[in-house]
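For reference, the structure discussed in these notes is given below.
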Amino acid sequence: MNCKHSAFSFFVLLMIIFQTTQSMQYMQPMQSMNFEYKDVLHLEDIGDAENKIKDTSSVIDNSKATFVTFCDNSRGNSGDKSGDKFGERELDFVFLLHMNQALVPYGEVADDLCYYKIISTLRAHPRLNFTLHISGTLISDLLWFGNRTLSLIINGVREGQFEILGSTYSQSVMYSCEDYDNRISVELHKKQLNETFGVLPTGFWNAERCWNQSRLLPVIADAGYTYTFIEDKILSRAPDYSGIEHCVRKTSYGGKEIYVFNDDRESIKYDSTDDDGYIDRIALRANSNTKYGTLSQRIDYAISTLYSFYNSDSLDEACVVYAQDCEAWGLWQEEGGSNGADSDDVDNVAARLDAFLTRLEETPWLKLTKPCEFIKEMNSRSYQYRRLNTIPDGGASWMDVNAKKAGYADWIGWQSSGVLSEYRVSFSNARDKLNNAENAILYAKNAGKNTSAAEKILEIAKVQYVSCMFEFGCWGCLFKWYHQSKCCGIAVEACLKSLDMPTSKNARMNDLDSDGCMEYILEDKDIFAVFSAHGGRLIALFNIVNGTSYLYNDAPSTYTSKCPDYSSLPLCTCSESITGAD
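Taking the numbering used here, I'd label the letters of the sequence shown as residues 989 to 1570.
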């Protein structure tokens, strides 16, 4: 059968199908969006969906959401403290949890074994404030698999209990990435937080707290963020470092200024050979492990350590930050003891967290604060912040330790050694395509064309690009899926076709994802469809008139099979019927 004739026949079938389903918006795991609970119900119509629905604590409906200002509510641990002996001064303490998974089905596992239980535990202490970061890829996971944890977070934000931090979309390390990549990654994550939680965050979670003053600060500040976190050992090396460790400082570059919080390394376990941090020993050690004493003794030690900071804070200027992976409170234990944790059940870990939070509530000289709230309070006192004119380059302690073990001077030496070069080539290929599409949109807009559909499709391409940069630059992350960033070329081609729509049906071939293998493209004035050469599998389907993506997901499917391999499937040729492929 003639391939061209077959292609047009298949197009007729496609148009019939999608004209009858045009009103149905297929939820894309790679796209952030406003959503209502009914969207998730539609997608969870398999397996144990009914049980998941019953577990959901509340309904998400962002149609009622307004932009949240995190600092509207000033909340102490125990209400009015003016009558007790500690009423005049409190130690400000930030309890910060960071949640992150790649855009793979494991996000659902992590939610079941950690996130839902731990966030529920935080919500059970409504008088305490917490600071949360959740990556764009994990949000996309949970939008797809179930929204019960997102519901908890949204309610916590609305009630003033949680402050949400922005970051790079998939926790790519900014130090290791090009400026263009950093900018679109930060912008896309902030947009997703806005759409999902109804917030405009002012705090920035700096992935792995690595730093380069001239490159990172402008990106962070230009995105509207006013503060970030840098590890203590990097800050302490600044030439003009002074004052107590836990005071908040200011730094600037090129006329842009941000606040800098001290990320307290001593509170966390940052190396497998190191003693546990004074808080992490509560999380990581099972109740039966008495290396650091009983649970009560471990909590006592954490409180006494915080009290020593309180005693040294005579000017009431300290803000102690505990910033740890949320996975340290359950997932690592459930994984059989990964990352130095004891093998344990998340229920036991959550019980330890609950006991610790209860003690914090009962501590009159301690205030769990949100970082933006602390800055607001200090500004109201006309506090004179210490300035760091130059903060030296540096990486996270745990990455430095591992890099040195492998023979490098430090993490910076590792990431500069060429070990990441092959992935950077793929990123460069994809980046060129994105830049080309951006320029085409600008040209079309200047010519008076409507570019709204093209802009929507280009955003999909960008989300896919940054999703495939998951934890790029992080020690030991050498994932093959980084090469899949080039797959954004498929959406880029759809974007370009939206600007220059075909006047008739057309079938052609092109290597859109730069993998050395041609894809089959079927297009007309409305639809842009792409099929794989091996097996004739439908890869992408776009409406190029309104920018709707009916089907598009080139993210890896599992951790163990990071790139799909279709080479064993039959190779279509131009003389074959695409509709005949399995």
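The C-beta atom is built at its ideal place from N, Cα and C for all residues, glycine as well.
According to DSSP, is residue 1239 helix, strand or coil?
Counted from its first residue, the sequence shown places residue 1239 at position 251. Here residue 1239 sits in strand by DSSP.
Please identify the residue among 1476, 1479 and 1456 whose C-alpha is closest to the C-alpha of residue 1470.
Counting from 1 along the sequence shown, the entry for residue 1470 is found at position 482. Cα-wise, what sits closest to residue 1470 is 1456.
Does the structure place the segment 1279-1295 close enough to the segment 1236-1244 that three or more beta carbon pairs sit under 8 Å?
no
Looking at the structure shown, is residue 1191 part of a helix, part of a strand, or coil, going by DSSP?
Locating residue 1191 in the sequence shown gives position 203, counting from the first residue. Correct three-state label for residue 1191: strand.
Using C-beta distances below 7 Å, list every residue in its chain close to residue 1233, excluding the 5 sequence neighbours before and after it, in chain order.
In the sequence shown, residue 1233 corresponds to position 245, counting from 1. Contacts found: 1220 and 1250.
To test your reading of the DSSP string, which unbroken alpha helix (DSSP H) runs of 4 or more residues are found completely within the segment 1072-1123?
1094-1098 and 1104-1111
With C-beta atoms as the reference, is residue 1144 less than 8 Å away from residue 1180?
For the purposes of this step, residue 1144 is taken as the residue at position 156 of the sequence shown. For the purposes of this step, residue 1180 is taken as the residue at position 192 of the sequence shown. In this structure, residue 1180 does not lie closer than 8 Å to residue 1144 by Cβ.
Using the C-alpha atoms, what's the distance from residue 1141 back to residue 1112?
Locating residue 1112 in the sequence shown gives position 124, counting from the first residue. Locating residue 1141 in the sequence shown gives position 153, counting from the first residue. Answer to the nearest angstrom: the Cα atoms are 12 Å apart.
Quick one, are the C-beta atoms of residue 1117 and residue 1356 less than 8 Å apart?
Position 129 of the sequence shown, counted from the first residue, corresponds to residue 1117. Position 368 of the sequence shown, counted from the first residue, corresponds to residue 1356. Closer than 8 Å, so yes.
In terms of residue numbering, what span does the alpha helix (DSSP H) encompassing residue 1457 cover?
If you number the sequence shown from 1, residue 1457 lands on position 469. Counting along the chain, residue 1457 falls outside any alpha helix (DSSP H), and DSSP gives it neither H nor E.
I'd like to know whether the C-beta atoms of residue 1528 and residue 1483 end up nearer to each other than 8 Å.
As a first step, residue 1528 must be located in the sequence shown, where it is residue number 540. As a first step, residue 1483 must be located in the sequence shown, where it is residue number 495. Contact flag unset, no.
Around the C-beta of residue 1507, are 16 or more other C-beta atoms found within 10 angstroms, so that it is buried, or is it exposed?
Walking along the sequence shown from the start, residue 1507 turns up at place 519. Buried, since its Cβ has 16 or more Cβ neighbours within 10 Å.
With a 10 Å radius around its C-beta and 16 neighbouring C-beta atoms as the bar for buried, classify residue 1197 as buried or exposed.
If you number the sequence shown from 1, residue 1197 lands on position 209. Buried, because 16 or more other Cβ atoms sit within 10 Å of the Cβ of residue 1197.
Close Cβ partners of residue 1203 (< 7 Å) along its chain, the five nearest in sequence each way excluded
Here the question's residue 1203 lines up with position 215 in the sequence shown. So the qualifying residues of the chain are 1167.
Contacts around residue 1314, its chain only, beta-carbon distance under 7 Å, and the 5 residues preceding and following it disregarded:
Against the sequence shown, residue 1314 aligns to sequence position 326. Closer than 7 Å at Cβ, skipping near neighbours: 1085, 1086, 1087, 1102, 1103 and 1106.
Do residue 1532 and residue 1489 have their C-beta atoms within less than 8 Å of each other?
Along the sequence shown, one-based indexing puts residue 1532 at 544. Along the sequence shown, one-based indexing puts residue 1489 at 501. Contact: yes.
Using DSSP with H/G/I as helix, E/B as strand and the rest coil, what is residue 1232?
For the purposes of this step, residue 1232 is identified with residue 244 of the sequence shown, where counting begins at 1. Of the three classes helix, strand and coil, the one that applies to residue 1232 here is coil, per DSSP.
I need the DSSP call for residue 1469, collapsed to helix, strand or coil.
In the sequence shown, residue 1469 corresponds to position 481, counting from 1. Reduced to three states, the DSSP call for residue 1469 is helix.
Boundaries (first-last residue) of the beta strand (DSSP E) holding residue 1531
Along the sequence shown, read from residue 1 onward, the residue named residue 1531 stands at position 543. Where residue 1531 is concerned, the enclosing beta strand (DSSP E) stretches over 1526-1531.
Quick check: the Cα distance between residue 1458 and residue 1367, rounded to an integer number of angstroms?
Taking the sequence shown and counting its residues from 1, one reaches residue 1458 at position 470. Taking the sequence shown and counting its residues from 1, one reaches residue 1367 at position 379. Rounded to the nearest angstrom, the two C-alpha atoms are 36 Å apart.
Which whole-angstrom value is the C-beta distance of residue 1345 and residue 1079, which I expect to be below 8 Å?
As a first step, residue 1345 must be located in the sequence shown, where it is residue number 357. As a first step, residue 1079 must be located in the sequence shown, where it is residue number 91. With 8 Å as the limit, residue 1345 and residue 1079 do not qualify as a contact, their Cβ atoms being about 16 Å apart.
How many Å lie between residue 1451 and residue 1538 at the Cα?
The sequence position of residue 1451 within the sequence shown is 463, counting from 1. The sequence position of residue 1538 within the sequence shown is 550, counting from 1. Between residue 1451 and residue 1538, the C-alpha separation is close to 16 Å.
Are the C-beta atoms of residue 1079 and some chain B residue less than 8 Å apart?
You won't find chain B in this structure, because it holds only one protein chain.
Which same chain residues, not among the five before or five after residue 1491, have their C-beta less than 8 Å away from its C-beta?
Within the sequence shown, numbered from 1, the residue matching residue 1491 stands at position 503. For residue 1491, where only same-chain residues beyond five positions count, the Cβ hits under 8 Å are 1513.
Given residue 1485, which residues of its chain have a CB within under 7 Å of its CB, disregarding the five upstream and five downstream residues?
Position 497 of the sequence shown holds residue 1485. Here the set comprises 1511, 1516 and 1532.
Reference residue 1373, options 1316, 1404 and 1307, closest by Cα:
Counting from 1 along the sequence shown, the entry for residue 1373 is found at position 385. The shortest C-alpha separation from residue 1373 is found at 1307.
Host beta strand (DSSP E) of residue 1315 (start-end):
The residue labelled residue 1315 in the question sits at position 327 within the sequence shown. It is not in any beta strand (DSSP E) - residue 1315 carries neither H nor E in the DSSP assignment.
Strictly by DSSP, which residues pair up with residue 1251?
Walking along the sequence shown from the start, residue 1251 turns up at place 263. Answer is 1219.
Distance, Cα to Cα, residue 1402 vs residue 1194?
On the sequence shown, position 414 is the one that residue 1402 refers to. On the sequence shown, position 206 is the one that residue 1194 refers to. Their Cα atoms are separated by approximately 19 Å.
Would you call residue 1481 buried or exposed, if buried means 16 or more other Cβ atoms sit within 10 Å of its Cβ?
Along the sequence shown, read from residue 1 onward, the residue named residue 1481 stands at position 493. By the neighbour-count rule (16 or more Cβ atoms within 10 Å), residue 1481 is buried.
Considering residue 1173, what are the terminal residues of the alpha helix (DSSP H) in which it resides?
As a working mapping, residue 1173 is identified with position 185 in the sequence shown. Residue 1173 -> alpha helix (DSSP H) spans 1167-1185.
According to the Cβ coordinates, are residue 1131 and residue 1153 closer than 8 Å?
Residue 1131 sits at position 143 when you count from the first residue of the sequence shown. Residue 1153 sits at position 165 when you count from the first residue of the sequence shown. Against a cut-off of 8 Å, the Cβ pair of residue 1153 and residue 1131 comes out as no contact.
I need the boundaries of the alpha helix (DSSP H) containing residue 973, first residue and last residue.
Here the chain covers residues 989 to 1570 and nothing more, so residue 973 does not appear.
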